[in-house]
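> Numbering (our numbering), first residue to last: 42 to 261.
A virtual CB, placed ideally from N, CA and C, is assigned to each residue, including glycine.
Sharing a structure with you now.
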């Protein structure tokens, strides 16, 4: 899409650092330079204010990535694009069938009601829960990673959704201030909400998390 739009050598493209490296790689393959902007802490998608702050005369495009079943604020990003004459592209996630989304939402609602000591996801804007991502409060990555290890020891298949933000990878290393990206990469953990999980499974997940909650700082 970037090449088709004429984006190439000498251009800059604003992308998120929180997420998959393939987006930044696609920009470099087109001959352009990826520039990283910060995310909205609720949606984990590009924050329009942060995007506008990094726009320069060389900026040609913005790539908004929808994350974990939440949509980026495309209206605000398009407004930034219109003000600066930028192309705004979207990268979506593979959509699950409607009945599976409904089941994921049901399991997410169950965890929302039962979890204590972790920060549950914001359910706004038609969240489809491609991943159910919580935040582990505390002093950063050691707390989240210890929490994850303890859950795995109890048979809970949790995963760290973004282990290293792209701007900290050797091939894309940048000296930039992305506080929400850094915080999210240190605190987030994806808990299972697969359609195959039973009510007993969901209770087991919540109980395992809540048993660890007393070891951590309060979420709020």
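1) Going by other Cβ atoms of all chains shown within 10 Å of its Cβ, with 16 needed for buried, is residue 110 buried or exposed?
2) Under the three-state reduction of DSSP, which class applies to residue 187: helix, strand or coil?
3) Mind checking who residue 53 pairs with in its DSSP beta bridge?
4) Identify, in the order they occur along the chain, each residue of the same chain with its Cβ nearer than 6 Å to the Cβ of residue 206, setting aside the five sequence neighbours on each side.
5) Tell me, please, whether the CB atom of residue 185 is closer than 8 Å to any CB atom in chain D?
6) Going by the DSSP bridge assignment, what does residue 17 pair with across the sheet?
7) Give me the Cα-Cα distance between residue 157 and residue 247, rounded to the nearest whole angstrom.
8) If you measure between the beta carbons of residue 202 and residue 229, is that distance less than 8 Å?
9) Tell me the DSSP bridge mates of residue 80?
Taking the coordinates as given:
1) buried
2) helix
3) 74, 100
4) 58, 59, 222, 226
5) Of the chains in the structure shown, none is chain D; there is only one protein chain.
6) Since the displayed the chain opens at 42 and closes at 261, residue 17 lies outside it and no answer follows.
7) 8 Å
8) yes
9) 87
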